[in-house]
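Oh and the sequence shown: position 157 is 192 in my numbering, straight run, nothing missing. Note that the Cβ used here is the ideal one computed from N, Cα and C, for glycine as well.
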Amino acid sequence: MAVYFLCPDSDHPTGGIKVIYRHVDILNHHGVTSRVLHQKKGFRCTWFENDTAIAYTRFPLGSLLSRARNKIRGTLDPDGIRTIPLAGRSSSEIGPSDILVIPETRGPDLADIGRGIPRVILNQNAFLTFKHFSFDTNNRKNPYADPTVRAVLVNSEHVEQYLHHAFPRLVTHRFYLSIDPKLFFPGAPKKKRICLSRIKNPVDALQVINILKFRGLLAHYEVVPFINIPQDRVAMIMRESLIFLSLGNREGFGLPAAEAMACGCAVVGYHGWGGREFFKSEFSYPVADGDIIGFARHVEEVIKR
Numbered sequence: 036m037a038v039y040f041l042c043p044d045s046d047h048p049t050g051g052i053k054v055i056y057r058h059v060d061i062l063n064h065h066g067v068t069s070r071v072l073h074q075k076k077g078f079r080c081t082w083f084e085n086d087t088a089i090a091y092t093r094f095p096l097g098s099l100l101s102r103a104r105n106k107i108r109g110t111l112d113p114d115g116i117r118t119i120p121l122a123g124r125s126s127s128e129i130g131p132s133d134i135l136v137i138p139e140t141r142g143p144d145l146a147d148i149g150r151g152i153p154r155v156i157l158n159q160n161a162f163l164t165f166k167h168f169s170f171d172t173n174n175r176k177n178p179y180a181d182p183t184v185r186a187v188l189v190n191s192e193h194v195e196q197y198l199h200h201a202f203p204r205l206v207t208h209r210f211y212l213s214i215d216p217k218l219f220f221p222g223a224p225k226k227k228r229i230c231l232s233r234i235k236n237p238v239d240a241l242q243v244i245n246i247l248k249f250r251g252l253l254a255h256y257e258v259v260p261f262i263n264i265p266q267d268r269v270a271m272i273m274r275e276s277l278i279f280l281s282l283g284n285r286e287g288f289g290l291p292a293a294e295a296m297a298c299g300c301a302v303v304g305y306h307g308w309g310g311r312e313f314f315k316s317e318f319s320y321p322v323a324d325g326d327i328i329g330f331a332r333h334v335e336e337v338i339k340r
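Here it is in structure tokens:
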């Protein structure tokens with residue numbers, strides 16, 4: 036028996052992908068044979084250090100070869116198990132004695148991946164649950180009701196509440212994200228610096244920064260919008276920054292805001308719903324989504340303290 040975590044073949048820095056790698060590392064550490072499952076042979080994420088165990092599908096899921104194989108099997112045995120061939124030995128495959136973990140981003144097609152194999156859905160962002168679904172009220176294809184989906188793993192209170200409302204009988208299990216204490220910690224001398232993720236809500240970020248600029252508040256401040264840089268570099272920027280702008284929108288959890296807090300930043304901005312459980316006014320500056328004036332006022336308050 037082995038556990039396979041299907042993962043996008045993307046080397047773009049994405050927290051959810053790192054979580055998949057982390058799950059595999061933890062399971063292997065505790066004696067549960069596990070693999071990240073990529074579809075592009077030889078692919079491995081390089082934006083963070085890892086030596087995570089990886090397996091590769093023999094051909095991409097959804098490819099012509101994959102569809103042809105499933106069609107033939109479906110014709111010969113309509114109720115049969117749709118095993119997933121792996122690269123390597125010809126007999127190597129994911130089968131009914133294994134567990135396949137599939138991300139929520141696959142949408143309704145998730146129901147067709149590895150049909151008959153025990154499956155778990157890894158839902159790290161409730162707002163992506165219905166990605167690729169339709170407005171057709173007669174289309175009842177729903178992987179969350181599939182009997183071979185044993186459970187759903189969730190990363191926040193919000194995701195769990197969302198899924199239980201949509202699917203009241205759903206079995207969910209909460210896991211807790213962690214912050215790497217070797218990277219995200221206070222201690223570096225703070226600079227008059229405001230940092231933010233440039234990929235998160237850039238329209239709102241631009242408004243807030245320019246309001247502060249034209250109110251004369253940034254003359255002695257450096258603004259560092261980072262994007263697509265290694266995690267150790269992000270951590271160093273946060274450790275040296277006085278303020279972190281949280282611009283996450285529709286987040287599953289919103290780990291960067293928590294990492295910035297761990298680095299001693301004054302965190303101002305949106306909790307993105309997923310971060311509501313830790314984004315407390317006692318030690319941060321939560322702002323209602325889209326409240327640009329309130330956002331700018333809170334940052335100004337921190338600057339003037």
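{"Asked": "Looking only at its chain, what residues have a beta carbon closer than 6 Å to the beta carbon of A270, apart from the 5 residues adjacent to it on each side?", "Found": "L218, F219"}
{"Asked": "Which partner residues of N158 appear in the DSSP bridge assignment?", "Found": "V189"}
{"Asked": "Considering only residues of the segment 265–336, which uninterrupted beta strand (DSSP E) runs meet the minimum length of 3 residues and lie entirely inside it, listed in chain order?", "Found": "276–281, 301–304"}
{"Asked": "Along the alpha helix (DSSP H) that carries I229, what are the first and last residues, could you check?", "Found": "No alpha helix (DSSP H) holds I229; the beta strand (DSSP E) holding it covers 226–232."}
{"Asked": "Could you tell me the alpha carbon to alpha carbon distance between I89 and I55, rounded to whole angstroms?", "Found": "11 Å"}
{"Asked": "Excluding the 5 residues flanking I244 on each side, which residues of the same chain have their C-beta closer than 7 Å to its C-beta?", "Found": "V258"}
{"Asked": "Would T87 and V67 be called neighbours here (beta carbons separated by less than 8 Å)?", "Found": "no"}
{"Asked": "In three-state DSSP terms, what is H208?", "Found": "strand"}
{"Asked": "Around the C-beta of P224, are 16 or more other C-beta atoms found within 10 angstroms, so that it is buried, or is it exposed?", "Found": "exposed"}
{"Asked": "Using the beta-carbon count (16 or more within 10 Å), is H64 buried or exposed?", "Found": "exposed"}
{"Asked": "Looking at the structure shown, is Y256 part of a helix, part of a strand, or coil, going by DSSP?", "Found": "coil"}
{"Asked": "Tell me the DSSP secondary structure of T140 in three-state form.", "Found": "helix"}
{"Asked": "Taking contact to mean 3 or more Cβ pairs, one atom from each stretch, closer than 8 Å, check whether the segment 190–207 and the segment 238–256 are in contact.", "Found": "no"}
{"Asked": "Specify the secondary structure class of H65 as computed by DSSP and reduced to three states.", "Found": "coil"}
{"Asked": "According to DSSP, what are the bridge partners of T92?", "Found": "L121"}
{"Asked": "Tell me the rounded alpha-carbon separation between L99 and Q159.", "Found": "Caution is warranted here: a pLDDT of 45 is assigned to L99, below 50, making its placement in the model unreliable, and the coordinate value is therefore given only provisionally. Distance between the alpha carbons of L99 and Q159: 29 Å."}
{"Asked": "One question on the structure: do V136 and L121 come within less than 8 Å of each other, judged by their Cβ atoms?", "Found": "no"}
{"Asked": "By the three-class DSSP mapping on this structure, what secondary structure does L218 have?", "Found": "coil"}
{"Asked": "So F40 is in the beta strand (DSSP E); what residue range does that whole segment cover?", "Found": "38–41"}
{"Asked": "In the DSSP output, what is V71 paired with across the bridge?", "Found": "F40, I89"}
{"Asked": "In or out: A103 buried (at least 16 other Cβ within 10 Å) or exposed?", "Found": "With a pLDDT of only 48 at A103, under the threshold of 50, the placement of this residue in the model should not be trusted; the figure read from the coordinates follows. It is exposed - the Cβ of A103 has fewer than 16 other Cβ atoms within 10 Å."}
{"Asked": "At a cut of 8 Å, does the segment 306–319 reach the segment 275–295 through at least three beta carbon pairs?", "Found": "yes"}
{"Asked": "Under three-state DSSP, which class holds F83?", "Found": "coil"}
{"Asked": "To the nearest whole angstrom, what separates the beta carbons of H208 and L188, a pair I think is in contact under 8 Å?", "Found": "6 Å"}
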